[in-house]
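Data block below; observations after.
Numbering (the numbering used here), first residue to last: 13 to 172.
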């Protein structure tokens, strides 16, 4: 996980300044700035929010509101790999809650948590659009469906 350092904050400042030239409004630059912060730090840190505010003039409370409104932004350090497990109706009926319990039992991974080795973080999702092949998850950018405990183990073994 990249650390929040003065060099990384300067990189974010430069990036946000460059983005300011591409957007018509200060609010328009927020989403790409938050994406840049996440790319630089691995998550949207409080320091990154302060830096974006400093460059754009948008209040930190507004930026924090945007960062926490969108599920795509991580506002705390996460594991190297992000598991987004669907627990909506179709996935629930097909065993998603059993998989949540299994992840905790076998890997010590709870919803919103990270494994002790920093390898995985688990985010519970309402729907990932794979209802016909439930239960399903997205791991980083890869989709997996028809999950069972065995299939889940096989998939996770491939992510070091």
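Glycine residues also receive a C-beta, built at the ideal position from the N, C-alpha and C atoms.
Where does residue 114 fall in DSSP's three states? On the chain shown, position 102 is the one that residue 114 refers to. Helix, per DSSP.
Express the C-alpha separation of residue 86 and residue 10 in angstroms, rounding to a whole number. The shown model of the chain, from 13 to 172, leaves out residue 10, and the question about it has no answer.
Could you check which residue in 64, 160, 105, 23 has the C-alpha nearest to that of residue 43? Within the chain shown, numbered from 1, the residue matching residue 43 stands at position 31. Out of 64, 160, 105, 23, 64 has the C-alpha closest to the C-alpha of residue 43.
Going by DSSP in three states, residue 154 sits in which element: helix, strand or coil? Within the chain shown, the letter at position 142 stands for residue 154. Note: residue 154 maps to strand in three-state DSSP.
Could you check which residue in 66, 115, 136, 140 has the C-alpha nearest to that of residue 128? Reading the chain shown from its first residue, position 116 is the one you call residue 128. Cα-wise, what sits closest to residue 128 is 115.
Selection from 55, 22, 106, 131 that minimises the alpha carbon distance to residue 66: For the purposes of this step, residue 66 is identified with residue 54 of the chain shown, where counting begins at 1. Cα-wise, what sits closest to residue 66 is 22.
Assign residue 104 to one of three DSSP states: helix, strand, or coil. Start at 1 with the first residue of the chain shown, and residue 104 comes out as number 92. Reduced to three states, the DSSP call for residue 104 is helix.
Cα-Cα separation, residue 96 to residue 149: To locate residue 96, count along the chain shown from 1; it is residue 84. To locate residue 149, count along the chain shown from 1; it is residue 137. Answer to the nearest angstrom: the Cα atoms are 5 Å apart.
Of the residues 84, 15, 161, 130, the one placed nearest residue 153, counting alpha carbons only: Stepping through the chain shown from its first residue, residue 153 is reached at position 141. Checking every option, the nearest Cα to that of residue 153 belongs to 84.
Per DSSP, residue 133 is paired with what? Walking along the chain shown from the start, residue 133 turns up at place 121. Residue 133 pairs with 94, 126.
State buried or exposed for residue 49, treating a residue as buried only when at least 16 other CB atoms are found within 10 Å of its CB. Start at 1 with the first residue of the chain shown, and residue 49 comes out as number 37. Per the 10 Å Cβ criterion, buried.
Rounded C-beta distance between residue 68 and residue 38? I'm assuming under 8 Å. The residue given as residue 68 occupies position 56 in the chain shown. The residue given as residue 38 occupies position 26 in the chain shown. Correct: roughly 5 Å between the Cβ atoms.
I need the DSSP call for residue 84, collapsed to helix, strand or coil. Against the chain shown, residue 84 aligns to sequence position 72. It is coil, neither helix nor strand.
Going by the CB atoms, is the gap between residue 52 and residue 3 shorter than 7 Å? It is not possible to answer for residue 3, since the shown part of the chain is limited to 13 through 172.
Cut-off 7 Å between Cβ atoms - residues of its own chain near residue 103, not counting five sequence neighbours on either side: On the chain shown, position 91 is the one that residue 103 refers to. Closer than 7 Å at the Cβ level, and outside the excluded window around residue 103, lie 146, 147, 148.
For my contact list, residue 91 and residue 155 are in at a C-beta cut-off of 8 Å; report their separation, rounded to the angstrom. Position 79 of the chain shown, counted from the first residue, corresponds to residue 91. Position 143 of the chain shown, counted from the first residue, corresponds to residue 155. Incorrect: roughly 18 Å between the Cβ atoms, too far for contact.
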